[in-house]
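Residue numbers (my numbering), protein chains in the order written: chain A, 1 to 272; chain B, 1001 to 1409.
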């Protein structure tokens, strides 16, 4: 059983919803990332998602774009990101780690070489934003050969035919993009998300995570009621620019946001 | 001269790419999930209308009466005499409405947008030519138009920015990344993913996710279909070589495509050599780049060892792009077309040369093709024929040329 599967099974038994924070690796400095990941786990993260910086993050809004630019000032590469995962793994052997990013850095490395190195570093899943299942057969094969989960997106525009296709290719969990738009936009409509998740459950038994537009404890709690996992990215990363003159405070500040979301998610679980 | 309907191109395109837009290993559809259905819808509409006689008749009629086609094929006799080799014919896309080949494609896509019921169009632009061509058709069809343009390009191309605004388009400065064409494309994709329901994205070149490379090629292939008939009529035979500049590659594919099966016709695509390939300051992914994935397709890219896209340089804003259409990548690997570069300095010299010998001021993009043509023609006999795509006129570039020569206009 993969670490991601194991974690979702364990959460299911405890009737707890997963909280998955996203941070861009190397933002604002490579030294910050590993302490930040540990702080997020201590604050209640169940899985962590690490953004691989890319020069052209087409699916991301201004907050993550700026984070990529800050990381790329330090030339943070996919190799560097795997080094960070390796360091994180030296003290945390249970929290699943998902890499999220764009295809080209993986393409340039080579699918097999990357998959081998990612597995060795302790990565558990890979979400490649600009690679739909139609183009992903080779990469998915390489990932699965190293017991890594290939995580795919579904979106409000996805037809039932696409829900079927994605369900057949995906493992670990499925990431539902809550609205038509880029990361960090303010367009969350919980009712329409609930309808779509119900539709997707007709095609898969995989856990369903929801991301895009979850900005505060309240929206995290609302999504926790209907999904298996809540992904939070821009709401965390947007705090970084204000902390650039005291980067040592970034782990604690972002962890505080995660704690508040955790508390709200758990409180609503008790209510229902 | 009678024009052939665009359907001829659709028939030829059945072999390559495959049904998911792959030209060998290149092309495809590398986008986030949200755009998969809109692309399916676009592909369905495109596949239907490119075979629809009514659509094709309207497209042909617009090309004739609005764009001003067919564009002439002009024998540049004095230029040929001065170079002293092959006979050089110019395909005069510079004489089209708005001054470049870009309008062929925007007319086609706007007609498609209208049939798909989309009232809002968006476009990316580098030098502003595609933006102007998009704003032009939007004005004609009464559509809302938003053009994304890198902040750096807005500064360099003030006249085209004003032109788009006069046409009623909103020009949005893009401040992210290198603030040039690739970033404008990123921003247009972000707009599209946000407004998919009512918005049609008019991509200006033969790149992007399937079906854009095929669709833009088919709309631009009118260039080559006309040129083929014209050269047969004027010279009594097919040319020995075709030459066109390649940024994203739409004017080159437009010229090359109807000649692909004519194996005796050599095809030359000319990329921007900038300060020279050895300096690293250029925009020549086919000649000096590697395969990768950007903007929805796999193709040759300018990228670093980590897979980050690197900044490009060219005297010509229209060639200043780190990728290239996937069909060019495939034509390169298959050996059917050859790709080479021309530096800024050589292009500038060709700009002056054509202006002085023929009274035709070429765009700096097209000047790259002209510079290479001079090189090629000089080594060929007088009975040889070269057709070069004069893809745009140079009026837009006179400030750039003047600046480079230290002249205040």
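Where is the CB? At the ideal position from N, CA and C, for every residue including glycine.
Here the structure is a predicted model, which is why all the values come from computation and not from measurement.
- [ ] Would you check if there are 3 or more beta carbon pairs closer than 8 Å linking the stretch 153-173 of chain A to the stretch 1170-1186 of chain B?
- [x] no
TODO: From the DSSP output, in three-state form, read off residue 1029 of chain B for me.
DONE: Position 29 of the second chain, counted from the first residue, corresponds to residue 1029 of chain B. The answer is strand: DSSP assigns residue 1029 of chain B an E or B state.
TODO: Classify residue 1264 of chain B as helix, strand or coil using the three-state DSSP reduction.
DONE: Taking the first residue of the second chain as 1, we reach residue 1264 of chain B at position 264. If DSSP states are grouped into helix, strand and coil, residue 1264 of chain B belongs with coil.
Open item on the list: Taking beta-carbon pairs under 7 Å, can you tell me which members of the stretch 1169-1193 of chain B lie near chain A?
Closed with: 1176, 1177, 1182, 1186, 1189, 1190 and 1193
Task: Proximity test, Cβ basis, 9 Å: residue 1058 of chain B and chain A - done: Position 58 of the second chain, counted from the start, is the residue given in the question as residue 1058 of chain B. No, because no Cβ of chain A sits closer than 9 Å to the Cβ of residue 1058 of chain B.
- [ ] Provide the residue span of the beta strand (DSSP E) that contains residue 960 of chain B, from first to last.
- [x] Residue 960 of chain B lies beyond the stretch modelled for chain B, which goes from 1001 to 1409, so this question has no answer here.
Open item on the list: Below 8 Å on the Cβ atoms is my contact criterion, and I expect residue 196 of chain A with residue 175 of chain A to pass it. Report the Cβ-Cβ distance as a whole number of Å.
Closed with: Against the first chain, residue 196 of chain A aligns to sequence position 196. Against the first chain, residue 175 of chain A aligns to sequence position 175. Not a contact, Cβ separation roughly 13 Å.
Open item on the list: Are the CB atoms of residue 1045 of chain B and residue 1115 of chain B within a distance shorter than 9 Å?
Closed with: Sequence index remark: in the second chain, residue 1115 of chain B carries index 115 (1-based). Sequence index remark: in the second chain, residue 1045 of chain B carries index 45 (1-based). Cβ distance < 9 Å, so residue 1115 of chain B and residue 1045 of chain B count as in contact.
Open item on the list: Are the CB atoms of residue 1144 of chain B and residue 1184 of chain B within a distance shorter than 9 Å?
Closed with: Taking the second chain and counting its residues from 1, one reaches residue 1184 of chain B at position 184. Taking the second chain and counting its residues from 1, one reaches residue 1144 of chain B at position 144. In this structure, residue 1144 of chain B does not lie closer than 9 Å to residue 1184 of chain B by Cβ.
Task: Unbroken alpha helix (DSSP H) run spanning residue 1326 of chain B, endpoints - done: Sequence index remark: in the second chain, residue 1326 of chain B carries index 326 (1-based). Residue 1326 of chain B -> alpha helix (DSSP H) spans 1326-1334.
Task: According to DSSP, residues forming a beta bridge with residue 21 of chain A - done: Walking along the first chain from the start, residue 21 of chain A turns up at place 21. DSSP, once it has assigned bridges, lists A:232 as partnering residue 21 of chain A.
- [ ] Say whether the stretch 1142-1160 of chain B touches the stretch 1229-1248 of chain B, bearing in mind that this needs 3 or more beta-carbon pairs closer than 8 Å, one atom from each stretch.
- [x] These segments do not touch.
TODO: Please classify residue 1418 of chain B: does DSSP put it in a helix, a strand, or coil?
DONE: The question about residue 1418 of chain B has no answer here: the residues shown for chain B are numbered 1001 through 1409.
TODO: Could you spell out the range, first to last residue, of the beta strand (DSSP E) harbouring residue 1149 of chain B?
DONE: As a working mapping, residue 1149 of chain B is identified with position 149 in the second chain. Residue 1149 of chain B -> beta strand (DSSP E) spans 1144-1150.
Task: Selection of the stretch 55-82 of chain A by Cβ proximity to chain B, strictly under 7 Å - done: 55, 56, 58, 59, 65, 72, 77 and 78
Task: Of the listed residues A:220, A:244 and A:152, nearest to residue 204 of chain A (C-alpha basis) - done: To locate residue 204 of chain A, count along the first chain from 1; it is residue 204. Nearest of A:220, A:244 and A:152 to residue 204 of chain A, Cα basis: A:152.
- [ ] Using alpha carbons as the reference points, say which of B:1355, B:1380, B:1357 and B:1393 lies closest to residue 1365 of chain B.
- [x] In the second chain, counting from the first residue as 1, residue 1365 of chain B sits at position 365. The residue with the shortest Cα to Cα distance from residue 1365 of chain B is B:1393.
TODO: Give the residues from the stretch 97-116 of chain A that approach chain B closer than 9 Å (Cβ to any Cβ), ordered along the chain.
DONE: Against chain B - using a Cβ distance shorter than 9 Å - the residues of the stretch 97-116 of chain A are 102, 103, 104, 105, 106, 107, 108 and 109.
Open item on the list: DSSP three-state label for residue 1182 of chain B, please.
Closed with: For the purposes of this step, residue 1182 of chain B is taken as the residue at position 182 of the second chain. Looking at residue 1182 of chain B - three-state DSSP - the assignment turns out to be helix.
Open item on the list: Please classify residue 12 of chain A as buried or exposed, where buried requires at least 16 other C-beta atoms within 10 Å of its C-beta.
Closed with: In the first chain, residue 12 of chain A corresponds to position 12, counting from 1. Classification for residue 12 of chain A: exposed.
TODO: Starting from the beta carbon of residue 131 of chain A, find every residue of chain B whose beta carbon is closer than 7 Å, and list them in chain order.
DONE: Translated into positions along the first chain, residue 131 of chain A becomes position 131. In chain order: 1030.
Open item on the list: Is there a C-beta anywhere in chain B that falls below 9 Å from the one on residue 156 of chain A?
Closed with: Translated into positions along the first chain, residue 156 of chain A becomes position 156. Yes, because at least one Cβ of chain B sits closer than 9 Å to the Cβ of residue 156 of chain A.
Open item on the list: According to DSSP, residue 125 of chain A sits in a beta bridge with which residue or residues?
Closed with: Within the first chain, numbered from 1, the residue matching residue 125 of chain A stands at position 125. Its beta-bridge partners are A:98 and A:149.
Task: residue 159 of chain A: contacting residues in chain B (beta-carbon distance under 7 Å) - done: Looking up residue 159 of chain A in the first chain gives position 159. Residues of chain B passing the Cβ test: 1037.
Task: Simplified DSSP assignment, three categories, for residue 1345 of chain B - done: Position 345 of the second chain holds residue 1345 of chain B. Note: residue 1345 of chain B maps to helix in three-state DSSP.
Task: Within 9 Å, strictly: CB atoms of residue 1084 of chain B and residue 1384 of chain B - done: The residue given as residue 1084 of chain B occupies position 84 in the second chain. The residue given as residue 1384 of chain B occupies position 384 in the second chain. No, Cβ-Cβ distance for residue 1084 of chain B and residue 1384 of chain B is not below 9 Å.
Open item on the list: Can you tell me where the beta strand (DSSP E) holding residue 1125 of chain B begins and where it ends?
Closed with: Here residue 1125 of chain B refers to the residue found at position 125 when the second chain is read from its first residue. Looking at the DSSP string, the run of the beta strand (DSSP E) that includes residue 1125 of chain B is 1120-1125.
- [ ] Please list, in chain order, all residues of the same chain as residue 1096 of chain B whose beta carbon is under 8 Å from its beta carbon, the five residues on each side excluded.
- [x] Numbered from its first residue, the second chain carries residue 1096 of chain B at position 96. Contacts found: 1067, 1068, 1069, 1071, 1103 and 1104.
Open item on the list: I want to see whether chain B comes within less than 9 Å of residue 193 of chain A, judged by CB atoms only; does it?
Closed with: In the first chain, the residue the question calls residue 193 of chain A occupies position 193. No, its Cβ sits nowhere closer than 9 Å to a Cβ of chain B.
TODO: Say whether the stretch 1272-1291 of chain B touches the stretch 1209-1222 of chain B, bearing in mind that this needs 3 or more beta-carbon pairs closer than 8 Å, one atom from each stretch.
DONE: no
TODO: Mind checking who residue 1023 of chain B pairs with in its DSSP beta bridge?
DONE: The count along the second chain starts at 1 and reaches residue 1023 of chain B at position 23. Note: residue 1023 of chain B sits in a beta bridge opposite B:1026.
TODO: Could you tell me the boundaries of the alpha helix (DSSP H) in which residue 70 of chain A lies?
DONE: Indexing the first chain from 1 puts residue 70 of chain A at position 70. Start and end: 62-73.
Task: DSSP three-state assignment for residue 963 of chain B, whether helix, strand or coil - done: Outside the shown range of chain B, which is 1001 to 1409, sits residue 963 of chain B, and nothing can be said about it.
Open item on the list: Can you tell me which residues form a DSSP beta bridge with residue 1389 of chain B?
Closed with: Translated into positions along the second chain, residue 1389 of chain B becomes position 389. Partner(s): B:1091.
Open item on the list: Less than 6 Å between C-beta atoms, sequence neighbours within five positions excluded: which residues of the same chain meet that for residue 1360 of chain B?
Closed with: Start at 1 with the first residue of the second chain, and residue 1360 of chain B comes out as number 360. Hits under 6 Å: 1354.
Task: 8 Å Cβ shell around residue 1151 of chain B - same chain, five flanking residues per side excluded - done: Position 151 of the second chain, counted from the first residue, corresponds to residue 1151 of chain B. Hits under 8 Å: 1173, 1174, 1175 and 1179.
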